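Presented below is the structure to which this report refers.
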Amino acid sequence: MKVIVFDIGGTLMEYRDMPGVWIDFYPAALERVRRELLPELTDADLGRSLEILRSYNPSVRYREREYPPEVIFGDACAHWPGSFSLQEVIRIFYGSMKLTPVLFPETADVLQQLRDAGYRIAALTDVATGMPDELHRDGCADLMPFFDRYVSSLSCGWRKPNPGGLEDIADSFGVSSSEMIMVGDERKDAEAAARFGCRAVVIDRRGRCPDFGQDWTFSDLSPLPGLLAGL
-3 MKVIVFDIGG TLMEYRDMPG VWIDFYPAAL ERVRRELLPE LTDADLGRSL EILRSYNPSV
57 RYREREYPPE VIFGDACAHW PGSFSLQEVI RIFYGSMKLT PVLFPETADV LQQLRDAGYR
117 IAALTDVATG MPDELHRDGC ADLMPFFDRY VSSLSCGWRK PNPGGLEDIA DSFGVSSSEM
177 IMVGDERKDA EAAARFGCRA VVIDRRGRCP DFGQDWTFSD LSPLPGLLAG L
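Here this note's numbering is used: the first residue of the sequence shown is -3, the next is one more, and so on.
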């Protein structure tokens, strides 16, 4: 095994006080855009924008293709009156989400062990609908020094379980699928691994005992170095 690919959210870190789905943030975020940027927007304007944003969310309407923030918000704001900066809309929208990123207790130690053992470490993460990649990267800044390669749904153009991101990582390191392993916490992580042809570890922090077709299941990352040493 040469390359270890990690999902980020729910696997290496979490956002403190985050609701179950990003959709729960949308109404308040749109309201803040109105308050700070476009007070002339009506409730109907915001309601229509909310439905458009919801339609892009993969938990509402399944999709594997990724769309840039400018496309998503351009669609959601196309009916708004007057002139405004789309980048400013996006900045205010996501600036309203006061989330604190927190690494899981064992994350840094395990990643360092893997680096010391000579493995190449990559991240493969799906960015929240409409979120700029740089903002997502800022949220996991403490992790970035551990990664030899960072691939997001925005940078590769595909959301998991599409294997496009894994193919991107394999090509960049010049390795085959048999030389990679995917570590994540959701069904889509294990399914992406299966479609790509590599093995998968699911991190089950909530004790749900999921069966996603993964090869191994651990309650946290701690057993991972020992597992890899034995392969």
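The C-beta atom is built at its ideal place from N, Cα and C for all residues, glycine as well.
None of the values given here were measured: they were computed from a predicted structure.
Where residue i sits in the DSSP three-state scheme
i, result
"W18", "helix"
"M140", "helix"
"L131", "helix"
"P97", "strand"
"T121", "strand"
"G5", "strand"
"P(-1)", "Note that residue -1 is Val in the sequence shown here, rather than Pro. Three-state result, V(-1): strand."
"R155", "coil"
"D207", "coil"
"A190", "helix"
Residue j beta carbon less than 8 Å from that of residue i
i, j, result
"R12", "V98", "yes"
"A74", "L49", "no"
"S218", "C194", "no"
"V(-1)", "F169", "yes"
"T121", "W18", "no"
"V29", "I88", "yes"
"R183", "P159", "no"
"D185", "F100", "no"
Nearest-angstrom Cβ-Cβ length linking residue i and residue j, presumed shorter than 8 Å
i, j, result
"D47", "W154", "With the sequence shown as reference, residue 47 is identified as Glu, and Asp is not the correct amino acid for it. About 25 Å; that fails the 8 Å criterion."
"A113", "I165", "Not a contact, Cβ separation roughly 18 Å."
"Y115", "L223", "The pair is not a contact, with the Cβ atoms about 12 Å apart (cut-off 8 Å)."
"M(-3)", "E175", "6 Å"
"S149", "V123", "5 Å"
Rounded C-alpha distance that separates residue i from residue j
i, j, result
"E187", "F208", "7 Å"
"S51", "T7", "26 Å"
"D200", "P35", "45 Å"
"M140", "L110", "15 Å"
"M178", "E163", "12 Å"
"G78", "P64", "23 Å"
"V198", "G5", "13 Å"
"E130", "E84", "15 Å"
"V147", "A137", "14 Å"
"D68", "N53", "For the sequence presented, residue 68 should be read as Ile rather than Asp. Rounded to the nearest angstrom, the two C-alpha atoms are 10 Å apart."
"T103", "L82", "36 Å"
"R204", "D181", "11 Å"
"Q210", "D41", "44 Å"
"P157", "A25", "28 Å"
"V106", "P128", "28 Å"
"G135", "D20", "19 Å"
"R145", "D3", "12 Å"
"I86", "A189", "32 Å"
"C152", "E60", "11 Å"
"A196", "P221", "14 Å"
Delimiting residues of the beta strand (DSSP E) encompassing residue i
i, result
"V179", "176 to 180"
"A196", "195 to 199"
"E10", "9 to 12"
"F214", "212 to 214"
"Y146", "145 to 148"
Bounding residues of the alpha helix (DSSP H) (the contiguous stretch that carries residue i)
i, result
"I48", "39 to 52"
"V56", "Looking at the DSSP string, V56 is not in any alpha helix (DSSP H), and its letter there is neither H nor E."
"Y115", "Taken as a continuous stretch (DSSP letters only), Y115 belongs to no alpha helix (DSSP H), as it is neither H nor E."
"R202", "R202 -> no alpha helix (DSSP H), and no H or E assigned at all."
"E84", "82 to 91"
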